[in-house]
Amino acid sequence: MNSLNIAARFLDRNDGDRTALITPSGRLSYAELRSLAARTGNALRALGVRRGDRVLICLSDGPEFVATWYGAQLIGAVTAEIYTYLQPKDYRYFLDYAEPRVVVTDAAALDGLRAAGARGLLVDGVAEHELLPGERHFGSMVGAQDDLLDPVPVAPDDVALWKFTTGSTGAPRACVLPARSPHVSFEGYGRGVLGLRQDDVVLPVPKLFFGYARDLAALFPFGVGAAGIVFPERSTAGRIFELIAEHRPTILVNVPTMMSAMLAHPDAARQDLSCVRVCVSAGEALPLELHRRWLETFGVEVADGLGSSEAYHIYLSNRPGGSRAGTLGTAVPGYRLRVVDEHGGPVLDGEVGRLEITGETVALEYWQDPVKSAATFVAPQTVRSGDLVSRDADGFFVYHGRVDDLLKVGGVWVAPAEIENCLRGHPAVADCAVVGYRADGLVLPRAYVVAGAPLTAQEVKDYVRARLAPHKYPRDVMFVDALPQTASGKVDRRVLEAAV
Numbered sequence: 001m002n003s004l005n006i007a008a009r010f011l012d013r014n015d016g017d018r019t020a021l022i023t024p025s026g027r028l029s030y031a032e033l034r035s036l037a038a039r040t041g042n043a044l045r046a047l048g049v050r051r052g053d054r055v056l057i058c059l060s061d062g063p064e065f066v067a068t069w070y071g072a073q074l075i076g077a078v079t080a081e082i083y084t085y086l087q088p089k090d091y092r093y094f095l096d097y098a099e100p101r102v103v104v105t106d107a108a109a110l111d112g113l114r115a116a117g118a119r120g121l122l123v124d125g126v127a128e129h130e131l132l133p134g135e136r137h138f139g140s141m142v143g144a145q146d147d148l149l150d151p152v153p154v155a156p157d158d159v160a161l162w163k164f165t166t167g168s169t170g171a172p173r174a175c176v177l178p179a180r181s182p183h184v185s186f187e188g189y190g191r192g193v194l195g196l197r198q199d200d201v202v203l204p205v206p207k208l209f210f211g212y213a214r215d216l217a218a219l220f221p222f223g224v225g226a227a228g229i230v231f232p233e234r235s236t237a238g239r240i241f242e243l244i245a246e247h248r249p250t251i252l253v254n255v256p257t258m259m260s261a262m263l264a265h266p267d268a269a270r271q272d273l274s275c276v277r278v279c280v281s282a283g284e285a286l287p288l289e290l291h292r293r294w295l296e297t298f299g300v301e302v303a304d305g306l307g308s309s310e311a312y313h314i315y316l317s318n319r320p321g322g323s324r325a326g327t328l329g330t331a332v333p334g335y336r337l338r339v340v341d342e343h344g345g346p347v348l349d350g351e352v353g354r355l356e357i358t359g360e361t362v363a364l365e366y367w368q369d370p371v372k373s374a375a376t377f378v379a380p381q382t383v384r385s386g387d388l389v390s391r392d393a394d395g396f397f398v399y400h401g402r403v404d405d406l407l408k409v410g411g412v413w414v415a416p417a418e419i420e421n422c423l424r425g426h427p428a429v430a431d432c433a434v435v436g437y438r439a440d441g442l443v444l445p446r447a448y449v450v451a452g453a454p455l456t457a458q459e460v461k462d463y464v465r466a467r468l469a470p471h472k473y474p475r476d477v478m479f480v481d482a483l484p485q486t487a488s489g490k491v492d493r494r495v496l497e498a499a500v
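Per the working numbering, residue 1 is the first one in the sequence shown, and the count goes up by one each step.
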């Protein structure tokens, strides 16, 4: 059987002279990236990393991140990535949970990792004399290695990488993924949905630690010899507009939160996005009103979709040239999707149920959680998600929220997403989120609203009452300057639920 080593497939088959990465420091060719990845892989081996060992990557976006990821894949290690702006307690959680052989980091996360008790770090972007005993300098160590490194053979079922769940509703779990997952996802989604081509240039809004962005900027494009843009600073609407003007990407990898921020930018109407052939949206539901405003302002088609760490990447998506606003599109090639009830039985078209996904990319398990694994991975290569959807007769799916977000108000289940979508239709509502709170022992909806124009709490309540069933209107309204976000750009509902 042919090896499914990821680096062999996505780096070694390309013309070495073509551009792989576009960075603030210039362009990096495939030959240069392959050389850096090989030297990084040899450095990891010198630090004791062996086949099957975990390498935890906590780096800012740049060539070093991408080379470390591919270098670890070259030697058969298991890669896992985390954000560079976490608190020490969060780093301690990941260190204890993942037990990595090596942690590769840089100045952005170094203090936090040290405070968390991390040892034996491989550190980039810090002067060698500033390192502590036991820490190694990335540039010096990698630079001293040979750039010859053959990829180790990898079988389809071999564990190749972890993807962490976002942790928006609980502690992040690692989805343990086999080597076949990236290959199958690239063919089904990268080729089958996006139609990636060699002249594409991909700009990701989320950072590379978020697998959705890494795959679309530094994996799937490499499958056709295309290029990805990487930049170390946090994403802002202004910075994204600058990168679009400078590099003229053809694919914009986005999330609804940033789409809203781009629309709210004072110079939004003057931006030229004509180079972008498609804006990919995922990570959270894309409200219909936000989609409409995006098209009206920028004229760039949106391929909205749904994916998860449990199934590796996007398995349900609209198609460029065939999008249907207000839906998540249809099944990505290679996946079988069912809408099921609480017992796993099928529900009729038009009825709401849980989404069940079957495909070769599905994770093998949640690391160290057999109970949750059994409840989620209900059959071979099948995951029963917490997403509530309905399917129409044409095979298009509509999102209705998550099972763990539902509120039982007056004895009736209410989906916060329905209230949120309603509120976003108000011209003065720039953004919003709805969570539950308790009053006199009852669960009631509370709306957190970012207002773009003068607005009162009573106007918010009246607007919803006029459009939805009476029990669904928010009993409490709180105005905020911005909604809290997780590192992956989703609304952090745990913060809102904990607020007084």
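Backbone N, C-alpha and C define an ideal beta-carbon position, used for all residues, glycine too. From a predicted model like this one, the values you see are computed outputs, not experimental measurements.
The way I'd put it, the stretch 355–362 doesn't touch the stretch 286–295; fewer than three beta-carbon pairs between them come closer than 8 Å. A98: member of the alpha helix (DSSP H) spanning P88 to A98, first to last residue.
For the pair S181 and L4, the Cα-to-Cα distance works out to about 10 Å. Look at R180 here: in three-state DSSP terms it is helix. For a cut-off of 8 Å, the C-beta gap from N42 to L149 is around 6 Å, short enough to register as a contact. Cβ-Cβ distances below 6 Å link A237 to A261, M262 and H265 in the same chain, with the five nearest sequence neighbours on each side left out; the list follows chain order. Under the Cβ criterion (8 Å, minimum of three pairs), the stretch 461–471 does not count as touching the stretch 398–405.
When the alpha-carbon of H426 is set against those of G452, G283 and Y437, the nearest one is in G452. In this structure, DSSP gives W294 a helical state, which the three-state scheme calls helix.
Per DSSP, the continuous alpha helix (DSSP H) segment holding D462 begins and ends at A457 to R465. Distance from the Cα of V409 is smallest, within the candidate group G350, E365 and K472, for K472. A distance below 7 Å between beta-carbons, with the five flanking residues on each side excluded, links L11 to the following residues of its chain, in chain order: Y30, L33, R34, A37, Y70 and F222. By the neighbour-count criterion, in which 16 or more other beta carbons inside 10 Å mark a residue as buried, T456 falls on the exposed side. G452 carries a coil assignment under DSSP once its states are collapsed to helix, strand and coil.
Per the Cβ contact rule, the stretch 334–349 is not in contact with the stretch 130–143 (fewer than 3 Cβ pairs under 8 Å).
The stretch 195–238 contains, as complete beta strand (DSSP E) runs of 3+ residues, the segments 201–204 and 227–229 (chain order). Within the stretch 395–427, the runs of beta strand (DSSP E) that reach at least 3 residues and sit entirely inside it are, in chain order, 397–402, 407–409 and 412–414. CA-to-CA, the gap between G120 and R136 works out to about 7 Å. Contact annotation, L208 with F65: C-beta distance approximately 5 Å; criterion of less than 8 Å satisfied. By the Cβ test, the stretch 323–335 is in contact with the stretch 300–308, since at least three Cβ pairs between them sit closer than 8 Å. With three or more CB-CB distances shorter than 8 Å, the stretch 212–229 counts as touching the stretch 242–259. With fewer than three CB-CB distances shorter than 8 Å, the stretch 48–56 does not count as touching the stretch 6–23. The shortest C-alpha to C-alpha distance from P320 to any of D272, T382 and L252 is the one to L252. Close CB contacts of Y448 within its chain, under the 7 Å cut and outside five residues either way in sequence, are with C432, A433, M478, V480, L483 and L496 (chain order).
Runs of alpha helix (DSSP H) with 4 or more residues, each lying fully within the stretch 111–165, are found at 138–143, listed in chain order. By the neighbour-count definition (other C-beta atoms within 10 Å, threshold 16), D106 is a buried residue. Secondary structure note for L355: its beta strand (DSSP E) is the uninterrupted segment G353 to T358. For Y315, the number of other beta carbons within 10 angstroms of its own is at least 16, and it is reported as buried. With 16 or more other Cβ atoms from the protein chains shown falling within 10 Å of its own Cβ, R384 counts as buried.
Cα atoms of W413 and I6: separation of roughly 44 Å, rounded to the nearest angstrom.
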